[in-house]
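Top to bottom, those sequences are chains A and B. Going by our numbering, the first sequence opens with residue 619, and the numbers climb by one from there. Going by our numbering, the second sequence opens with residue 619, and the numbers climb by one from there. We treat Cβ as the ideally placed atom computed from N, Cα and C, and that holds for glycine.
Protein chains: 2
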Amino acid sequence: MSSQITIKDIAKALNISASTVSRALKDHPDISRETKDAVNNLAAKLRYKPNAVALSLKNSKTNTIGVIIPEVVHFFFSSVISGIEDVAYDAGYNVMVCQSNEMYSREIINAQALDSNRVEGALVSISKETHDFAHLLYLEENGIPLVFFDRAPEELDVDKVIIDDFRAAYNATTHLIETGCKRIAHLAAPQTLGIGIQRLAGYKKALGDHGIPYREDWVIVADSFELAGDATRNLMHLPTPPDAIFAVNDMTAVGAMKTLQRMSIAVPQKVAIIGFSAGFFSDITTPTLSSVDQHGYEMGVEAAKLLLERIEKPVEGKHKTHYIDTHLVIRESTKRKS
Amino acid sequence: MSSQITIKDIAKALNISASTVSRALKDHPDISRETKDAVNNLAAKLRYKPNAVALSLKNSKTNTIGVIIPEVVHFFFSSVISGIEDVAYDAGYNVMVCQSNEMYSREIINAQALDSNRVEGALVSISKETHDFAHLLYLEENGIPLVFFDRAPEELDVDKVIIDDFRAAYNATTHLIETGCKRIAHLAAPQTLGIGIQRLAGYKKALGDHGIPYREDWVIVADSFELAGDATRNLMHLPTPPDAIFAVNDMTAVGAMKTLQRMSIAVPQKVAIIGFSAGFFSDITTPTLSSVDQHGYEMGVEAAKLLLERIEKPVEGKHKTHYIDTHLVIRESTKRKS
DNA sequence: ATAATCATCGCAATCGTTTGCGGTTACGTT
DNA sequence: AACGTAACCGCAAACGATTGCGATGATTAT
Numbered sequence: 619m620s621s622q623i624t625i626k627d628i629a630k631a632l633n634i635s636a637s638t639v640s641r642a643l644k645d646h647p648d649i650s651r652e653t654k655d656a657v658n659n660l661a662a663k664l665r666y667k668p669n670a671v672a673l674s675l676k677n678s679k680t681n682t683i684g685v686i687i688p689e690v691v692h693f694f695f696s697s698v699i700s701g702i703e704d705v706a707y708d709a710g711y712n713v714m715v716c717q718s719n720e721m722y723s724r725e726i727i728n729a730q731a732l733d734s735n736r737v738e739g740a741l742v743s744i745s746k747e748t749h750d751f752a753h754l755l756y757l758e759e760n761g762i763p764l765v766f767f768d769r770a771p772e773e774l775d776v777d778k779v780i781i782d783d784f785r786a787a788y789n790a791t792t793h794l795i796e797t798g799c800k801r802i803a804h805l806a807a808p809q810t811l812g813i814g815i816q817r818l819a820g821y822k823k824a825l826g827d828h829g830i831p832y833r834e835d836w837v838i839v840a841d842s843f844e845l846a847g848d849a850t851r852n853l854m855h856l857p858t859p860p861d862a863i864f865a866v867n868d869m870t871a872v873g874a875m876k877t878l879q880r881m882s883i884a885v886p887q888k889v890a891i892i893g894f895s896a897g898f899f900s901d902i903t904t905p906t907l908s909s910v911d912q913h914g915y916e917m918g919v920e921a922a923k924l925l926l927e928r929i930e931k932p933v934e935g936k937h938k939t940h941y942i943d944t945h946l947v948i949r950e951s952t953k954r955k956s
Numbered sequence: 619m620s621s622q623i624t625i626k627d628i629a630k631a632l633n634i635s636a637s638t639v640s641r642a643l644k645d646h647p648d649i650s651r652e653t654k655d656a657v658n659n660l661a662a663k664l665r666y667k668p669n670a671v672a673l674s675l676k677n678s679k680t681n682t683i684g685v686i687i688p689e690v691v692h693f694f695f696s697s698v699i700s701g702i703e704d705v706a707y708d709a710g711y712n713v714m715v716c717q718s719n720e721m722y723s724r725e726i727i728n729a730q731a732l733d734s735n736r737v738e739g740a741l742v743s744i745s746k747e748t749h750d751f752a753h754l755l756y757l758e759e760n761g762i763p764l765v766f767f768d769r770a771p772e773e774l775d776v777d778k779v780i781i782d783d784f785r786a787a788y789n790a791t792t793h794l795i796e797t798g799c800k801r802i803a804h805l806a807a808p809q810t811l812g813i814g815i816q817r818l819a820g821y822k823k824a825l826g827d828h829g830i831p832y833r834e835d836w837v838i839v840a841d842s843f844e845l846a847g848d849a850t851r852n853l854m855h856l857p858t859p860p861d862a863i864f865a866v867n868d869m870t871a872v873g874a875m876k877t878l879q880r881m882s883i884a885v886p887q888k889v890a891i892i893g894f895s896a897g898f899f900s901d902i903t904t905p906t907l908s909s910v911d912q913h914g915y916e917m918g919v920e921a922a923k924l925l926l927e928r929i930e931k932p933v934e935g936k937h938k939t940h941y942i943d944t945h946l947v948i949r950e951s952t953k954r955k956s
């Protein structure tokens, strides 16, 4: 009961060779009608299903793509996975998911696992700890196409599907300025990540373009709910506290909002807040949270599509950078100041 | 460059046989020191990695477990995946993730894919459409252990890791009663799902035990943010509107809360709300949302552990039902009425 | 009647790795 | 000198499926 039916079982039962069974199953002209019928009937009765592992070995095609992701339990990342899975499903691919839990060491193991398992391509969003990409680039040298999404190494000729973090940050900051904010703080991501650098740069540029001086003490690295609380408290105890906060993601934004409310500081009247990512969060806070929608699902779709393209036909020349459009979702946390 | 290094490549380069290379790599006593060194050095230089596909075929061990889940992009489900992935990682297993997108037809395909890929076990949470389980049970008949989590078929002798939905609903409802609510509505899950039935039953029982009559018009099937809005409006337009809502999950609870606030009905003063699942949501609404914590991560951990146990040693006799503890997380949306 | 053709099917190699068994050396022992 | 015995290593089969090639028997053409 426990072992799977193989082509040999059918062959033995019918007193024919395995080759004949194989050909009969795929309607090869060399095989007689009767033999085909006999084989197909028995196969159906025994519920024969080809062993994908054997096929993978024979064809060097595993029909599997790998995903390395910092943490699945984030609205944004799980949206991406959802997009990846849908595209993969339609193309007949399976998806192997590995989470690095934001650890460089684990990311290395994950990459090796994908390599050993001969996945046909890999989608990667790097961990916060990752500064060296040899373990990933090695995959590509090894014939396993690689597409980065969201968190991609900067200055490297690799395929990536990302958003224009600089522009998005620029737009978010500009929006705050246009609603009348003049003292805008930024809760930033670690400056080891490209997204952290780009978003900070976009923020600075927007300030500069509108003649607002950049103040270093208004930028704090804080990219989680908890860290945002401390950072916000510190900001508000400054001699000249900010009147707006641009947070690097929604969790951080909500952390800031909650802290402000606990300090009885009105949002958005006293301090406006804009986040980044537009998870479900943004809809359910009070006030609802303005945010930059990153379109995670679409990012997953595009990244998977690009990867499948690379699998079909390896890169020729330059790698591609695909930008996913972002857009400002303006809600209550950035109402115009009067 | 593109093809992977095999044991044969090493053998050829060193003018020895593949068997010797294999043995040298695993420090077999039959092989001389020098040969071992030569093999290991070359293997390291060529970055040889065993082909997991070939090993899978040889050993009939894929070191992969499959997961079928309705949708990854839910806090609860992605928490479960995270737990599964962590356990699998520690045990040297890979995780293949399939989402059914709540479709029965796709769940069937997913099951077949896992079967073909010879995963060593499967973790399943069934879709809303699923009433027949043959496609899943077939896996187990086929030697692929099966563990259901959260959404499991009722009345079937299968392994499952679930919460005691009845008790949890009973406790949640009782909590509402104890805070002084007397007219408690329930936004329910489809009564096709076991969790829907059990939670409704627990709700009824709690009412009965406290001498509160059950009213059919206070129970509406609505298990999403959007549906909750309509349902809540309808409830509040009833001749005698409820003074509390027990929602089948947090999204639904938040939908209700938002609608009430839009109707200028104070939460919890006029209407208390309790949700189910304790996602991040609950922390960030205003007021914060009381909820039943389902411990998704832990459920993933326990389900994966049970599955690995079954893989090691197939079921003997009865299947197991593992209950994950739940607990009420009481926040602001169910403050005592005065 | 002999050769050519066709319809059917099996053999064996292949993918990469493992492993039982047997074979080949080079010793040392009588 | 003849034998025993380690120490090393290779052959080949196996996992399941595919496929080029050859083989068989029967039918048809010459």
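Host alpha helix (DSSP H) of residue i (start-end)
i	result
A786 (chain A)	783-796
D627 (chain A)	625-632
F694 (chain A)	693-708
Q730 (chain A)	722-734
E653 (chain A)	Before going further, note that residue 653 (chain A) is Thr rather than Glu in the sequence given. Counting along the chain, the alpha helix (DSSP H) containing T653 (chain A) begins and ends at 651-664.
I891 (chain B)	Careful: I891 (chain B) lies outside any alpha helix (DSSP H), inside the beta strand (DSSP E) at 890-895.
Buried versus exposed call for residue i [16 or more other C-beta atoms within 10 Å across all chains shown]
i	result
S696 (chain A)	buried
K778 (chain A)	buried
S882 (chain A)	exposed
P905 (chain A)	buried
Q809 (chain A)	exposed
E738 (chain B)	buried
A884 (chain A)	exposed
R665 (chain A)	exposed
E758 (chain A)	buried
T944 (chain B)	buried
S637 (chain A)	exposed
S650 (chain A)	exposed
N659 (chain A)	exposed
N867 (chain B)	buried
Enclosing beta strand (DSSP E) for residue i [first to last residue]
i	result
A862 (chain B)	862-865
D911 (chain A)	909-911
E881 (chain A)	Note on identity: in this sequence residue 881 (chain A) is Met, with Glu being the wrong assignment. It is not in any beta strand (DSSP E) - M881 (chain A) carries neither H nor E in the DSSP assignment.
H940 (chain B)	939-942
8 Å contact criterion, which residue i and residue j should meet: CB distance rounded
i	j	result
S908 (chain A)	T877 (chain A)	Going by Cβ atoms, the distance from S908 (chain A) to T877 (chain A) rounds to 17 Å, so no, they are not a contact pair.
R801 (chain B)	A862 (chain B)	7 Å
I780 (chain A)	T939 (chain A)	7 Å
T791 (chain A)	A840 (chain A)	About 17 Å separates the two Cβ atoms, so there is no contact after all.
L764 (chain B)	L754 (chain B)	6 Å
V715 (chain A)	E950 (chain B)	With a Cβ gap of about 36 Å, V715 (chain A) and E950 (chain B) do not count as contacting.
K654 (chain B)	D645 (chain B)	7 Å
G814 (chain B)	A806 (chain B)	6 Å
Amino acids of chain A, ordered along the chain, whose beta-carbon sits closer than 9 Å to that of residue i
i	result
M714 (chain B)	T682, N712, V713, M714, V715
S640 (chain B)	Near S640 (chain B) there are no residues of chain A at all, since even the closest Cβ is about 16 Å away, more than 9 Å.
F699 (chain B)	According to the sequence as given, residue 699 (chain B) is Ile; it is not Phe. V690, V691, S696, I699, V715, Q717, listed in chain order.
Proximal residues of chain B, C-beta to C-beta of residue i below 8 Å
i	result
K888 (chain A)	Those do not exist, as K888 (chain A) stays about 16 Å from chain B at its closest Cβ, beyond 8 Å.
Q730 (chain A)	K667
Contact list for residue i against chain A, beta-carbon separation under 8 Å
i	result
T904 (chain B)	Q879, T903, T904
Residue i: contacting residues in chain B (beta-carbon distance under 7 Å)
i	result
V872 (chain A)	I902
K876 (chain A)	I902
Neighbour list for residue i in chain A, Cβ cutoff strictly below 7 Å
i	result
E738 (chain B)	Those do not exist, as E738 (chain B) stays about 11 Å from chain A at its closest Cβ, beyond 7 Å.
L675 (chain B)	V671, A672, L675
D733 (chain B)	K667
Partner residues on chain B for residue i, Cβ-Cβ distance less than 9 Å
i	result
F894 (chain A)	None at all; the shortest Cβ gap to chain B is about 15 Å.
Q809 (chain A)	Correct list: empty, because the minimum Cβ distance to chain B is about 26 Å.
N867 (chain A)	Result: empty, since nearest Cβ-Cβ is about 12 Å, beyond 9 Å.
Given 8 Å, three or more beta-carbon pairs between the stretch 730-748 of chain B and the stretch 717-731 of chain A | no
Do the stretch 848-860 of chain A and the stretch 921-938 of chain A meet, that is, are 3 or more Cβ pairs less than 8 Å apart?
-> In short, these stretches do not touch, since the Cβ pair count stays below three.
Are there three or more Cβ pairs, one per stretch, closer than 8 Å when the stretch 915-933 of chain A is compared with the stretch 699-718 of chain A?
-> Cβ pair count under 8 Å is three or more, so yes.
Given 8 Å as the limit, is there contact between the stretch 897-905 of chain A and the stretch 620-629 of chain B, that is, 3 or more CB pairs closer than that?
-> no
Could you tell me whether the stretch 675-688 of chain B touches the stretch 684-696 of chain A, where touching means 3 or more Cβ pairs closer than 8 Å?
-> no
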